[in-house]
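Notes follow once the structure below has been shown.
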Amino acid sequence: MKTLVIVESPAKARTLAKFLGKSYTVRASMGHVRDLPKSELGVDVERGFQPKYITIRGKGAMIRELKSARGHHDVVLLASDPDREGEAIAWHICQLLNIPPEAPCRIEFNEITLAAVTEALKKPRPINIHQVNAQQARRVLDRLVGYNLSPLLWRKVRRGLSAGRVQSVALRLICDREKEIEAFVPEEYWTLTARLQKEGYPPFEARLMKMGEEKVALRSEGDVQAVLAALQGQPFTVYRIGRQEKIKRPPLPFTTSTLQQEANKRFGFTPQRTMLIAQQLYEGIELGKEGPVGLVTYIRTDSVRVATAAAQEAAQYITARFGREYAGDGKERTVLPKGTRIQDAHEAIRPTAVAREPEAIKKYLTEEQFKLYGLIWERFVASEMAPAVFDVTRVDIGAGDYLFRATGAVLRFAGFLQLVGETPEEEELGVALPELVEGERLSLVELVPKQHWTQPPPRYTEASLVRALEENGVGRPSTYAPTIETIIKRGYVSRKGRVLHPTELGKTVVELLKAYFPGIIDIQFTAMMEEKLDAIEEGKADWVKLLEDFYEPFKEELRKADIEVERIKVTEEVSGEVCERCGRSMVVKQGRYGKFLACPGFPECRNTRPLRTGTGIPCPECGAELVLRHTKKGRPFYGCSRYPECAFTTWREPVKERCPQCNGLLVREKGRKQEFLVCLNKECGYKRPVERAGGGTGE
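Taking UniProt numbering as reference, the numbering of the sequence shown is continuous, increasing by one, and the terminal residue is 699.
Below you can see the structure in the form of structure tokens.
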């Protein structure tokens, strides 16, 4: 029998073709084959919210090829991704190829390996119509919101705007955080540290904690001076010593959101970039004579579950490399917070073969693929290792009525730290303390008072926004990356470095939605909608009923807003640059590919100009100023202001400080745990870590 296997992408098709024999033909559908039309709502709200699907433009020839191929094969198997979207793609292909959905035509696998694919071929099943309905409900729901709210924003605010369920909540989170920052009033506080010494040992630090039984709160310099006066001449004596064992458990393997967060923090990857690279690793990479190989398991998951066989394989690897005592037994796994909601349809993201170490295949990977694969591989192996064990000593030291406390730790067993090295959290445990006994007198080296100010909550980065969306139950793993890209693309949010700032336009849209569409912008409502979609997938709820319950009140809110909302004028940002044609001060506009300068005299004056933010740093090639620019897709880079005469560019952020060795240009480079300043002159090789600023800025 000849079998036709249909997948989404050519890369996945090439990898599958490697595993399957000559009796199998693998074809790619290039993603979805049908969708709602872009030119109209495409949903019949009067007849049970029936969607009007049409063939996606440009897919006609491919569909004809699939229909032709079907006629030459005895069996058709649909192997799209194992999630709602994949199930919907398979269902649409069934419709186009006239395959009965009850036929056993669907196969799925969590990883593209010989074992997983072979097992999947033994278990074809019918289309899961509950999964399809859940996807249809989400698609129709988003279409009802987007195609009704967006025209309202065009009429009342500005053309080209959009609104959606998840993106509106994401924007609200960013705007609400900005309000907190603007309303924040910093408060002064002080800390007092004693540098103490036992004879024959280096000094160590102890922090002032209590006066008598009361916790000390130093609110001003006057408070500090009073304590310093009271400590004058007082002996410092060891009062109490406490020892305990501290266990540091390994991290959980990656889910979609935690992978996006870590890749953003570690490498500066946007969520969208992370998912693009991860998809390449999942679908297959050419490994020389091995051919295309799927390197990681399915990348859209909110589960931390790991298959028994994968855990056993990891244990064997860890035992062989580090010793049996370093292999965990599964009991050390960090427990998820109570109430955490996961679908658990798939495993956590992990390498398909633990023995395939990152360094061994580095030559076959791009730099970004190597970084991300290394991150996934290390996280998974670490998650299967034993915990680290520290001996922690806490010493309370008395001086008059005051109590100081010093904490020190000694690593007794490295556990998973043997693989990942020391983590930033280890700093909290302190350094090793000298051997002390209760009643022992210590020498005071100095008392160090330090002024601090309370900090506002930090603005969201893409990583922390993904975490907030996940914690609030808003969206699903597959929605985080496109959601963030959309609010940036629409000009609701600007990305400055890695920090997200709401624009005036974004604030205006949020306030309008809060006033007239409280459900759309409400975090709890949106999270509840996700739970209802899950219930549809499980066959416990009707998708049409969900749409009916949502649409009737939403339709009334639309009618009311259309009548009551006046035209809103958003204050445009004045750039300070003068239009060379008419002399007006140019304003910043948001276009399809990002911000640009435009003359406010439109339509009389149609002058526009690229928006380039100056850095005040000279170009290393010609001496002109380096400016911040963006690619067509919005990725920031730095280039010479004399372009195209001077073509110097760099992806990394330059700094004003010059290289102390060759006077070359220094740029920021994100390392595994720390940021560095690196000289762009490859012959120089200068590199040094960036010192962390005390207290932080909230950004």
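Beta carbons are placed, not taken as given, at the ideal position from N, Cα and C, and that holds for glycine.
Worksheet item: To which residues of the same chain is Ile63 closer than 7 Å at the C-beta, ignoring the five residues directly before and after it?
Response: Counting from one through the sequence shown, the residue named residue 63 turns up at place 63. For Ile63, same chain residues with a beta-carbon under 7 Å away, outside a window of 5 residues either side, are Val33, Thr55, Leu96 in chain order.
Practice prompt. Compare the Cα-Cα distances from Val216 to each of Arg412, Val627, Phe404 and report the closest residue.
Written response: What you label residue 216 is simply residue 216 of the sequence shown in a count that begins at 1. When each option's Cα is compared against that of Val216, the closest is Phe404.
Fill in: For Ala468 and Pro553, the rounded distance between their alpha carbons
Locating residue 553 in the sequence shown gives position 553, counting from the first residue. Locating residue 468 in the sequence shown gives position 468, counting from the first residue. Going from the Cα of Pro553 to the Cα of Ala468 covers about 28 Å.
Fill in: Cβ shell of Thr608 (< 7 Å), same chain only, five flanking positions each side left out
The residue you call residue 608 lines up with position 608 of the sequence shown. Excluding five sequence positions before and after Thr608, the CB atoms of its chain that fall closer than 7 Å to its own CB belong to Phe596, Leu597, Ala598, given in chain order.
Worksheet item: Can you list, in chain order, the residues of its chain whose CB lies under 8 Å from that of Arg165, leaving out five sequence neighbours each side?
Response: Counted from its first residue, the sequence shown places residue 165 at position 165. Spatial neighbours of Arg165 in its own chain (CB-CB distance under 8 Å, excluding positions within 5 residues in sequence) are listed in chain order as Leu141, Asp142, Val145, Ile520, Thr526, Met529.
Fill in: First and last residue of the uninterrupted beta strand (DSSP E) at Ser494
Here the question's residue 494 lines up with position 494 in the sequence shown. 493–496 is the extent of the beta strand (DSSP E) around Ser494.
Worksheet item: Quick one: any contact between the region 153–163 and the region 193–201, if contact means 3 or more CB pairs under 8 Å?
Response: Between the region 153–163 and the region 193–201, the count of Cβ pairs shorter than 8 Å is below three; the stretches do not touch.
Worksheet item: Who are Cys679's beta bridge partners in DSSP?
Response: One-based indexing of the sequence shown puts residue 679 at position 679. Looking at the DSSP assignment, Cys679 forms a beta bridge with Leu666.
Practice prompt. Note down, in chain order, each residue of its chain lying with its Cβ closer than 7 Å to the Cβ of Glu332, except the 5 sequence neighbours on either side.
Written response: Taking the sequence shown and counting its residues from 1, the one referred to as residue 332 is at position 332. Annotation note: pLDDT 46 at Glu332 (below 50); position unreliable, coordinate value reported separately. Around Glu332: Arg249, Pro250, Ala386, Pro387.
Practice prompt. Could you tell me which residues DSSP puts in a beta bridge with Gly639?
Written response: Taking the sequence shown and counting its residues from 1, one reaches residue 639 at position 639. Answer is Val627, Thr649, bridged to Gly639.
Worksheet item: In terms of alpha-carbon separation, which member of Phe49, Ile241, Cys105, Pro253 lies closest to Leu4?
Response: On the sequence shown, position 4 is the one that residue 4 refers to. Comparing Cα positions, the closest option is Cys105.
Worksheet item: Can you tell me the Cα-Cα spacing of Lys670 and Tyr317, whole angstroms?
Response: Along the sequence shown, read from residue 1 onward, the residue named residue 670 stands at position 670. Along the sequence shown, read from residue 1 onward, the residue named residue 317 stands at position 317. The alpha-carbon atoms of Lys670 and Tyr317 are separated by roughly 30 Å.
Worksheet item: Once you ignore the five residues that flank Glu313 on each side, which residues in its own chain have a CB closer than 7 Å to its CB?
Response: One-based indexing of the sequence shown puts residue 313 at position 313. Leaving aside the five residues that flank Glu313 on each side, the residues in its chain whose CB is nearer than 7 Å to its CB run, in chain order, Val354.
Discussion item. Going by DSSP, what residue range makes up the alpha helix (DSSP H) through Leu208?
Written reply: Along the sequence shown, one-based indexing puts residue 208 at 208. Unbroken run through Leu208 is the beta strand (DSSP E), 204–211; no alpha helix (DSSP H).
Item to complete: Express the C-alpha separation of Tyr516 and Thr191 in angstroms, rounding to a whole number.
Response: For the purposes of this step, residue 191 is taken as the residue at position 191 of the sequence shown. For the purposes of this step, residue 516 is taken as the residue at position 516 of the sequence shown. In this structure, the CA atom of Thr191 is about 48 Å from the CA atom of Tyr516.
Worksheet item: Which residues does DSSP pair with Phe525 in a beta bridge?
Response: As a first step, residue 525 is located in the sequence shown; it is residue number 525 there, counting from the start. According to DSSP, which records beta bridges pairwise, Phe525 is partnered with nothing at all.
Worksheet item: Just reading off the alpha helix (DSSP H) that Asp92 is part of, what are its end residues?
Response: Translated into positions along the sequence shown, residue 92 becomes position 92. The question names Asp, but residue 92 in the sequence shown is His. Counting along the chain, His92 sits inside the alpha helix (DSSP H) bounded by residues 84–97.
Item to complete: Classify Leu597 as helix, strand or coil using the three-state DSSP reduction.
Response: Residue 597 sits at position 597 when you count from the first residue of the sequence shown. Looking at Leu597 - three-state DSSP - the assignment turns out to be strand.
Discussion item. Going by beta-carbon coordinates alone, are Ala90 and Leu78 separated by less than 8 Å?
Written reply: Start at 1 with the first residue of the sequence shown, and residue 90 comes out as number 90. Start at 1 with the first residue of the sequence shown, and residue 78 comes out as number 78. Taking a C-beta distance under 8 Å as the contact criterion, Ala90 and Leu78 qualify as a contact pair.
Worksheet item: To the nearest whole angstrom, what separates the beta carbons of Leu512 and Val565, a pair I think is in contact under 8 Å?
Response: Along the sequence shown, one-based indexing puts residue 512 at 512. Along the sequence shown, one-based indexing puts residue 565 at 565. Contact between Leu512 and Val565 is confirmed by a C-beta separation of about 7 Å, below the 8 Å threshold.
Worksheet item: Which parts of the UniProt domain "Toprim" (2–112) are runs of the beta strand (DSSP E), unbroken and 3 residues or longer, counting only runs that do not cross its ends?
Response: If only complete runs of 3 or more residues are kept, the UniProt domain "Toprim" (2–112) shows the beta strand (DSSP E) at 3–7, 24–28, 75–78, in order along the chain.
Item to complete: Say whether the region 227–243 touches the region 318–330, bearing in mind that this needs 3 or more beta-carbon pairs closer than 8 Å, one atom from each stretch.
Response: In short, these stretches do not touch, since the Cβ pair count stays below three.
Discussion item. Whole angstroms are fine: how far does the CA of Tyr638 sit from the CA of residue 701?
Written reply: Residue numbering for the chain in the displayed model covers 1 to 699; residue 701 lies beyond these limits and cannot be assessed.
Worksheet item: beta strand (DSSP E) containing Tyr402: first to last residue?
Response: If you number the sequence shown from 1, residue 402 lands on position 402. Residues 402–413.
Worksheet item: By the 10 Å Cβ neighbour count, where 16 or more other Cβ atoms means buried, how is His72 classified, buried or exposed?
Response: Your numbering for residue 72 matches position 72 in the sequence shown. By the neighbour-count rule (16 or more Cβ atoms within 10 Å), His72 is not buried but exposed.
Worksheet item: Where does Cys582 land, buried or exposed, given buried means 16+ other C-beta within 10 angstroms?
Response: Walking along the sequence shown from the start, residue 582 turns up at place 582. Around the beta carbon of Cys582, fewer than 16 other beta carbons lie within 10 angstroms, which makes this residue exposed.
Worksheet entry | Own chain partners of Met541 with C-beta closer than 8 Å, once the 5 adjacent residues on each side are dropped | Start at 1 with the first residue of the sequence shown, and residue 541 comes out as number 541. Residue identity check: residue 541 is Ala in the sequence provided, not Met. Excluding residues within five positions, the ones whose Cβ falls inside 8 Å are Lys532, Ala535.
Worksheet item: Which stretch, first to last residue, makes up the beta strand (DSSP E) that contains Thr191?
Response: Position 191 of the sequence shown holds residue 191. Start and end: 188–197.
Discussion item. Looking only at its chain, what residues have a beta carbon closer than 6 Å to the beta carbon of Gln674, apart from the 5 residues adjacent to it on each side?
Written reply: Indexing the sequence shown from 1 puts residue 674 at position 674. Cβ within range, chain order: Pro689.
Worksheet item: From Leu547 to Glu556, what distance separates their C-alpha atoms?
Response: For the purposes of this step, residue 547 is identified with residue 547 of the sequence shown, where counting begins at 1. For the purposes of this step, residue 556 is identified with residue 556 of the sequence shown, where counting begins at 1. For the pair Leu547 and Glu556, the Cα-to-Cα distance works out to about 14 Å.
Fill in: Cβ contact check for the region 290–304 and the region 349–365: 3 or more pairs under 8 Å
Contact holds: three or more Cβ-Cβ distances are below 8 Å.
Discussion item. For Arg459 and Leu276, what's the separation of their Cα atoms in angstroms?
Written reply: In the sequence shown, residue 459 corresponds to position 459, counting from 1. In the sequence shown, residue 276 corresponds to position 276, counting from 1. Between Arg459 and Leu276, the C-alpha separation is close to 26 Å.
Item to complete: Please name the residue in Thr650, Gln661, Leu218 whose C-alpha comes closest to that of Arg668.
Response: The count along the sequence shown starts at 1 and reaches residue 668 at position 668. Residue Thr650 holds the alpha-carbon nearest to the alpha-carbon of Arg668 among Thr650, Gln661, Leu218.
Discussion item. Quick test of your reading: Arg300 and Thr258, contact by CB under 8 Å. State the CB separation rounded to the nearest angstrom.
Written reply: As a working note, residue 300 is residue 300 in the sequence shown. As a working note, residue 258 is residue 258 in the sequence shown. At roughly 13 Å, the Cβ-Cβ gap does not stay under 8 Å, so Arg300 and Thr258 are not in contact.
Worksheet entry | Counterpart residues of Asp391 in DSSP-defined beta bridges | Walking along the sequence shown from the start, residue 391 turns up at place 391. In DSSP, Asp391 forms a bridge with Glu245, Val410.
Worksheet item: Would you say the region 368–387 touches the region 396–411, given that touching needs at least three Cβ pairs under 8 Å?
Response: Remark: fewer than three beta-carbon pairs, one from each stretch, lie closer than 8 Å, so the region 368–387 and the region 396–411 are not flagged as touching.
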